[in-house]
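So the protein lines, in turn, are chains A and B. Numbering follows this note's numbering, with no gaps: position 142 of the first sequence is 142. In this note's numbering, each residue's number is its place in the second sequence (first place is 1) plus 152. A virtual CB, placed ideally from N, CA and C, is assigned to each residue, including glycine. As the structure is a computational prediction, the values presented were derived from the model and not from experiment. Take a look at the structure below.
2 protein chains.
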Amino acid sequence: MLDQDEQSLHSRFTDFEKFCRKKGLKMTHQRLEIYRELLTSSDHPTVEALFLRVRKRIPTISLDTVYRTLALLEEAGMTNRIQTSEGLTRFESDYGVHHHLTCKKCQKIEDFIWESFDTMLLPPELEAWGTIQTRNIVAEGICKDCLKKEKK
Amino acid sequence: MLDQDEQSLHSRFTDFEKFCRKKGLKMTHQRLEIYRELLTSSDHPTVEALFLRVRKRIPTISLDTVYRTLALLEEAGMTNRIQTSEGLTRFESDYGVHHHLTCKKCQKIEDFIWESFDTMLLPPELEAWGTIQTRNIVAEGICKDCLKKEKK
DNA sequence: GCCTTTAATAAGAATAATTCTTAAATAGTA
DNA sequence: TACTATTTAAGAATTATTCTTATTAAAGGC
């Protein structure tokens, strides 16, 4: 499992190089580190959080570069933007179809997969609307940790 | 159908009065007009848009009052906040379970209902997470109008 | 209906998130 | 190694949202 993860991480870096070449974009130190940080972050970080993490390795990096790079990665479909109900923008690296579960108390976001939903046919009325490309579930509630705290 | 809508609109206003009384809130002209505007808007307006519409009837209303009132209504569960991928906050009056369909081009949001999804049991693994209260689908694609424009 | 109390409002200042501007630095290429 | 076009850092500008304060108005008692 770990091997496989590392394998896939490595191949994703290679993809990033290829991607830059193909698009005529320069492969900068900053872009690589931002992308790496996002790949290894599983907590759906905000731009600010990502900036602080990357700054440990590149102390002179600017917040603006993080914004620009994330926009770039998003456009290329390599990351997803998540608009939370707190009003903050969070990011995650794109790794296939999944859904989100958010705690209303602590705002923590967890991923989950649900294949029987993914393969379900949408209501036929929606065909008249246009072409539907993605469909994601946003579920909200109170997580176990916050439920415990409430009881105290 | 129209009769029923008007009926339900009227009862919702009455609810609003009751709601204010119960919470010890004052029933102001501004609050009523903002609530009315949201009830009769089906296009998921932004705060700014709502402000401009209400201003036609109350020219001196301030943007801040719209923000404050929407926060109030949201807290009471009478409206829902929708965080769009454009990064804008939109609002809709709460009228029962439904889902959203957004056009990636023109950003228009349409509602749809899908009862067979609503009654579907969530994956059992999620029970370990905590208590799940809501689950909504956000579908994205290109609407018919934008598809037509693309062909030109 | 008028008075009092307290909450709500308007106006504009303050804050926070994001984007833009510009000069300097750097990647890719000859 | 030198050249050219991108990209970057820094900070200014913009935009959305919230806060502050003096004024206004709703609700309830008289």
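Cβ neighbour criterion (16 or more within 10 Å) applied to S245/B: Along the second sequence, read from residue 1 onward, the residue named residue 245/B stands at position 93. Classification of S245/B: buried, given that the 10 Å Cβ count is 16 or more.
Taking all protein chains shown into account, do 16 or more other C-beta atoms lie within 10 angstroms of the C-beta of L25/A, making it buried, or fewer, making it exposed? Position 25 of the first sequence, counted from the first residue, corresponds to residue 25/A. Answer is exposed; the Cβ neighbour count stays below 16.
If you count every other CB in all the chains shown that lies within 10 Å of the CB of M1/A, and 16 or more means buried, which is it? The count along the first sequence starts at 1 and reaches residue 1/A at position 1. Summary for M1/A: the model assigns pLDDT 42, below 50, so the residue's position carries little reliability; its value from the coordinates is reported in the next sentence. Exposed, since its Cβ has fewer than 16 Cβ neighbours within 10 Å.
Using 8 Å as the Cβ pair cut-off and three pairs as the minimum, do the stretch 124 to 142 of chain A and the stretch 251 to 267 of chain B touch? yes
Just grab the DSSP bridge partners of H251/B for me. Working through the second sequence from its first residue, we reach residue 251/B at position 99. Answer is F264/B.
Report yes or no: do three or more beta-carbon pairs, one from the stretch 105 to 114 of chain A and one from the stretch 47 to 56 of chain A, lie closer than 8 Å? no
Provide the residue span of the beta strand (DSSP E) that contains I82/A, from first to last. Walking along the first sequence from the start, residue 82/A turns up at place 82. From DSSP, the beta strand (DSSP E) with I82/A extends over T79 to Q83.
What does C106/A reach in chain B if we use C-beta pairs closer than 9 Å? Residue 106/A sits at position 106 when you count from the first residue of the first sequence. Those do not exist, as C106/A stays about 10 Å from chain B at its closest Cβ, beyond 9 Å.
Going along chain A, which residues have a C-beta under 9 Å from F243/B? As a working note, residue 243/B is residue 91 in the second sequence. Within 9 Å Cβ-Cβ: nothing; F243/B doesn't reach chain A, min ~12 Å.
Cutting at 7 Å between CB atoms, please list the residues of its own chain near C298/B, excluding the five before and the five after it. One-based indexing of the second sequence puts residue 298/B at position 146. Taken in chain order, the residues that qualify are C255, K257 and C258.
So, at 6 Å on beta carbons, what are the nonlocal neighbours of E226/B in its own chain, with the 5 sequence-adjacent residues on each side left out? The residue you call residue 226/B lines up with position 74 of the second sequence. Result list for E226/B: R233, in chain order.
Can you check whether the C-beta of E296/B is within less than 8 Å of a C-beta belonging to chain A? The sequence position of residue 296/B within the second sequence is 144, counting from 1. It is Lys, not Glu, that sits at residue 296/B in the sequence shown. True, the Cβ-Cβ gap to chain A drops below 8 Å.
If L70/A sits next to T79/A, beta carbons under 8 Å apart, how far is it from one beta carbon to the other, in whole angstroms? Within the first sequence, the letter at position 70 stands for residue 70/A. Within the first sequence, the letter at position 79 stands for residue 79/A. Contact flag correct, Cβ pair sits at about 6 Å.
May I have a chain-ordered list of the alpha helix (DSSP H) segments no shorter than 4 residues that lie completely inside the stretch 3 to 71 of chain A? 29 to 39 and 47 to 57
Leaving aside the five residues before and after T14/A along the sequence, list all residues of the same chain whose C-beta is less than 6 Å from its C-beta, in chain order. Here residue 14/A refers to the residue found at position 14 of the first sequence. Once the five neighbours on either side are set aside, T14/A has no close Cβ partner at all.
Test: E140/A CB closer than 8 Å to a CB of chain B: The count along the first sequence starts at 1 and reaches residue 140/A at position 140. Yes, contact with chain B.
Rank L126/A, T131/A and W114/A by C-alpha distance to the C-alpha of E277/B and give the top, closest one. Locating residue 277/B in the second sequence gives position 125, where the first residue counts as 1. Ranking L126/A, T131/A and W114/A by Cα distance to E277/B puts W114/A first.
Looking at H44/A: is its Cβ nearer than 8 Å to the Cβ of F91/A? Residue numbering aside, residue 44/A sits at position 44 when the first sequence is read from its first letter. Residue numbering aside, residue 91/A sits at position 91 when the first sequence is read from its first letter. Going by C-beta atoms, H44/A is nearer than 8 Å to F91/A.
Since L126/A meets chain B, which of its residues come closer than 8 Å, beta carbon to beta carbon? If you number the first sequence from 1, residue 126/A lands on position 126. Residues of chain B passing the Cβ test: L253, F264 and A291.
Listing by chain order, which chain B residues have their CB less than 8 Å from the CB of T84/A? Within the first sequence, numbered from 1, the residue matching residue 84/A stands at position 84. Those within 8 Å of T84/A in chain B are Q235.
Report the partner residues of F91/A according to the DSSP bridge assignment. Counting from 1 along the first sequence, the entry for residue 91/A is found at position 91. Answer by DSSP bridge pairing, in chain order: R81/A.
Exposed or buried, G141/A, counting other C-beta atoms within 10 Å across all chains shown (16 or more means buried)? Indexing the first sequence from 1 puts residue 141/A at position 141. G141/A is buried by the Cβ-count criterion.
Looking at the C-beta of I61/A, does it have a partner C-beta in chain B at a distance below 8 Å? Start at 1 with the first residue of the first sequence, and residue 61/A comes out as number 61. For I61/A, the answer is no, since every Cβ of chain B falls outside 8 Å of its Cβ.
Give me the residue from H10/A, A139/A and Y67/A with the minimum Cα distance to P275/B. To locate residue 275/B, count along the second sequence from 1; it is residue 123. If we check each option's Cα against that of P275/B, A139/A comes out closest.
Please determine, among K296/B, T192/B and I186/B, the residue with the shortest C-alpha to C-alpha distance to R220/B. The residue given as residue 220/B occupies position 68 in the second sequence. Comparing Cα-Cα distances from R220/B to each of K296/B, T192/B and I186/B, the minimum goes to I186/B.
Restricting to Cα atoms, I'd like to know which of Y95/A, R31/A and H10/A is closest to C20/A. Mapped onto the first sequence, residue 20/A falls at position 20. Closest by alpha carbon: R31/A.
If we define contact as Cβ-Cβ less than 8 Å, is I132/A a contact residue for chain B? Numbered from its first residue, the first sequence carries residue 132/A at position 132. Output row for I132/A: interface = yes.
Specify the secondary structure class of C298/B as computed by DSSP and reduced to three states. For the purposes of this step, residue 298/B is identified with residue 146 of the second sequence, where counting begins at 1. Reduced to three states, the DSSP call for C298/B is helix.
Using 10 angstroms around the beta-carbon of E37/A, count the other beta-carbons present and answer buried if the total reaches 16, otherwise exposed. Position 37 of the first sequence, counted from the start, is the residue given in the question as residue 37/A. Classification of E37/A: buried, given that the 10 Å Cβ count is 16 or more.
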